[in-house]
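Residue numbers for the sequence shown follow our numbering, so the first one is 12 and each next one is one higher. One structure is given below, encoded as structure tokens.
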Amino acid sequence: MSRTAASRVINNAPHVSRAKRDAVHKAIRELGYTPSRTARALATQRTGVVAFALSGDDPALFADPFFAQVIVGISAALEETELHLLLCLAASDRGQGRFKNLLRTRGVDGLMVMALRGDDPLDRIVAESGLPAVYGGRPLHGEPSWYVDSDNRGGARIATEHLIGTGHTRIAAITGLPDTEVGQSRQRGFAEAMALAGLRPYAVETGDFTEASGAAAMTALLAARPDLDAVFAANDNMAAGALRVLRDRGRRVPQDVAVIGFDDLAIASHTQPRLTTVHQPVQALGREMARMLIALLGDEKPSPLILPTRLVVRDST
């Protein structure tokens, strides 16, 4: 409740004389009245806090360009409300225990959840809490009632079709984590495009969406298939790692090996050469998650949302 809201309550109160109203308004102005959040929570059974929880135990996750952009989007949506944001890591036993306690004591009004892997305990903790929850990306098993996701499968397909359309046939892939829905969807999109063109994946290595894993995967691909002519990497971080290895090995990009990524993060514009990639609206992903949760807290029933992806052609293909 703001100072304006407090004045509105007084104005609407029955059987209060004009003189008393004027006296209260004067006191509000002079004292700079602000309400107690604790008292308000007791009265409304709401804390005014929502949580964004990641299934990870490394604080550096929040510095990852992808998650940082998601948080920017969430914050932008919450700025239009009086809700506050709490960031939670819930992978270790201690982290999960703290998170369970937070939910059990109703320390937050609702949840946004991301980066789930396989049979993730975080998914079960959220379900058992009974709190309104919005997922960023679908879990690998089952489909929640409320989620915001990007067209990962379709985006991977258009990326691979672009490589094929520019004359490449010996196309390898650096896929994401196999126990994530996003990792599996992007691999399926790649495989579908290859199959429709009558091609088979030339080689496949798995990464974990980090630049270091992309470099390691590219090293393994060159050892197994030194004559490959293109690489689809399931995100920009891994593509950047692949570009570094190719440069170190004296392979020209795109003349010898074309490289394409996924996400269209800031890094894609700063690699050498600049990275062709699939754009997904990362900030919008966070923004729409927050808006969906706000709607749930307002007793609305929003529908799940799939955001479109599109190809951004730069210099690496």
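No residue lacks a Cβ here, since even glycine has one placed at the ideal position from N, Cα and C. No experiment lies behind these values; they were computed from the predicted model shown.
Rounded straight-line distance, which links the Cα of residue j to that of residue i
i, j, result
"residue 240", "residue 181", "5 Å"
"residue 208", "residue 110", "47 Å"
"residue 115", "residue 142", "10 Å"
"residue 139", "residue 262", "52 Å"
"residue 200", "residue 169", "8 Å"
"residue 308", "residue 202", "40 Å"
"residue 329", "residue 105", "Because residue 329 is not part of the residues shown, which for the chain are 12 to 328, the question remains open."
"residue 204", "residue 198", "10 Å"
"residue 122", "residue 273", "27 Å"
"residue 252", "residue 57", "45 Å"
"residue 87", "residue 246", "24 Å"
"residue 206", "residue 279", "28 Å"
"residue 282", "residue 276", "11 Å"
"residue 190", "residue 75", "20 Å"
"residue 210", "residue 311", "47 Å"
"residue 60", "residue 291", "28 Å"
"residue 144", "residue 172", "36 Å"
"residue 298", "residue 154", "20 Å"
"residue 322", "residue 91", "32 Å"
"residue 316", "residue 295", "11 Å"
"residue 79", "residue 71", "10 Å"
"residue 266", "residue 259", "15 Å"
"residue 178", "residue 117", "57 Å"
"residue 146", "residue 103", "20 Å"
"residue 264", "residue 152", "38 Å"
"residue 195", "residue 126", "13 Å"
"residue 53", "residue 257", "Any reading at residue 53 is ruled out, since the residue's pLDDT is 44, under 50, leaving its predicted position unreliable."
"residue 81", "residue 150", "17 Å"
"residue 233", "residue 304", "45 Å"
"residue 113", "residue 130", "22 Å"
CB contact flag (residue i, residue j, <8 Å)
i, j, result
"residue 137", "residue 124", "yes"
"residue 128", "residue 224", "no"
"residue 159", "residue 300", "yes"
"residue 248", "residue 221", "yes"
"residue 176", "residue 320", "no"
"residue 96", "residue 63", "yes"
"residue 161", "residue 318", "yes"
Sequence-distant residues of the same chain with beta carbon closer than 7 Å to residue i, five excluded per side
i, result
"residue 193", "148, 163 and 187"
"residue 213", "181, 182, 183, 236 and 239"
"residue 231", "216"
"residue 302", "88"
"residue 255", "226"
"residue 77", "274, 276 and 293"
Own chain residues within Cβ distance below 8 Å of residue i, not counting five before or after
i, result
"residue 174", "182, 241, 243, 269, 271 and 328"
"residue 107", "101, 132, 133 and 136"
"residue 85", "63, 96, 123, 297, 298, 300 and 301"
"residue 389", "Residue numbering for the chain in the displayed model covers 12 to 328; residue 389 lies beyond these limits and cannot be assessed."
First and last residue of the uninterrupted alpha helix (DSSP H) at residue i
i, result
"residue 296", "293-308"
"residue 230", "222-235"
"residue 113", "104-115"
"residue 145", "It is not in any alpha helix (DSSP H) - residue 145 instead sits in the beta strand (DSSP E) that spans 144-147."
"residue 136", "132-140"
"residue 89", "76-89"
"residue 207", "192-207"
Where the beta strand (DSSP E) through residue i begins and ends
i, result
"residue 289", "288-290"
"residue 171", "Note, residue 171: premise wrong, no beta strand (DSSP E); alpha helix (DSSP H) at 163-176."
"residue 97", "95-100"
"residue 323", "321-323"
"residue 242", "241-244"
"residue 216", "214-217"
"residue 62", "60-65"
"residue 124", "121-125"
"residue 184", "182-186"
"residue 318", "316-318"
Cβ shell of residue i (< 6 Å), same chain only, five flanking positions each side left out
i, result
"residue 218", "185, 224, 225, 228 and 249"
"residue 306", "313"
"residue 326", "284 and 285"
"residue 324", "287"
"residue 47", "In this prediction, residue 47 has a pLDDT of 46, which is less than 50 and means its spatial position is unreliable; nothing more can be read from the coordinates."
"residue 343", "Because the chain is modelled from 12 through 328, residue 343 falls outside the range shown and cannot be assessed."
Interface flag, residue i vs chain B, CB-CB below 8 Å
i, result
"residue 59", "The displayed structure is made up of one protein chain only, and chain B is not part of it."
Start-end ranges of the beta strand (DSSP E) lying completely within the region 253-280, minimum 3 residues: 269-271
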